[in-house]
Each structure stands twice: as C-alpha cells, then as structure tokens.
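Residue numbers (the numbering used here): 12 to 112.
A virtual CB, placed ideally from N, CA and C, is assigned to each residue, including glycine.
Bear in mind that the values here come from a model prediction, so they are computed numbers and not experimental data.
Notes to accompany the following structure.
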Amino acid sequence: MPLDLSCENSIETFAEEVKRYTDHLDVLVNNAGISIPAPLMDLETDSWDRVLSTNVRGPFLLSKQLVPLLQKQAGSIVHVGSMAGHEAYPGMGLIARVRQH
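This is the structure:
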C-alpha cells in the first residue's frame, strides 16, 4: 500500500485500508524520514515544511489513526530516530533537529 506521510489524505486512506484488512495491530513502527542535505541558509520554507510533515506530523497523524487497533491487543508504537541527532554531519542540521527525539 502506498503511503505519503507528508499528505494527510494519504495517511487517512492508508489507515482505512489497514482497518479493512485487520481488526487489530500488535505494533506500529514509525521509521520513515527524509532529509534535505543543504546549508540552512539555502533551504526553502517548502522544504522545511515537507521534512516536518514527513518526519514529525505524519507519524503523529498515522499513530492517531491506528491507536484504536493497537489498543485492542495492547499494541505498541515504536518511533525510530536518527543518529544525525547525536552526531554532526555537514549540511544535515535540519534532519538532526527533527529526528533527534
């Protein structure tokens, strides 16, 4: 099933498909993430918004949609971060900030 975490409609469609397929979930792993390797001064606002939508807002919305299925089996949500939040990489300040925690 395709899923674009930067698009709320895609998340809703995906969640509805999951709900049609099963009545419970044991685990949801939020592992998707994007980065735009560029100096901060060169980043456009649209790029910043896409990174935030994919790395932060998308996993939040997907988790919110699927919590009812997870609660049926005492399921878990696993959020995967990035080593970029712990080590400095040139041009990766944006990804480090949003995937650190």
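If you drop the 5 nearest sequence neighbours on each side, which residues of the same chain put their C-beta closer than 7 Å to that of Ser-21?
Leu-14, Asp-15
Find the nearest neighbour of Asn-42 within the set Thr-65, Gly-86, Val-78, judged by alpha-carbon distance.
Minimum Cα distance to Asn-42 is reached at Thr-65.
Leu-39 beta carbon less than 8 Å from that of Ser-74:
yes
Leu-51 classed as buried or exposed, judged by whether at least 16 other C-beta atoms fall within 10 angstroms:
exposed
Would you tell me roughly how many angstroms separate the C-alpha atoms of Glu-28 and Asp-53, rounded to the nearest one?
39 Å
Suppose contacts are defined by Cβ-Cβ distances below 8 Å. Is Lys-30 in contact with Leu-80 by that definition?
yes
Quick one: measure Cβ to Cβ for Ile-45 and Val-62, integer angstroms, because I've assumed they're closer than 8 Å.
Indeed they touch by this definition, with Cβ atoms about 6 Å apart.
May I ask you to report which of helix, strand or coil DSSP gives Asn-66?
helix
Could you have a look at Val-38 and say whether DSSP puts it in helix, strand or coil?
strand
When the Cα atoms are used, what is the spatial distance from Tyr-32 to Lys-83?
As the crow flies, the alpha-carbon of Tyr-32 is around 15 Å from that of Lys-83.
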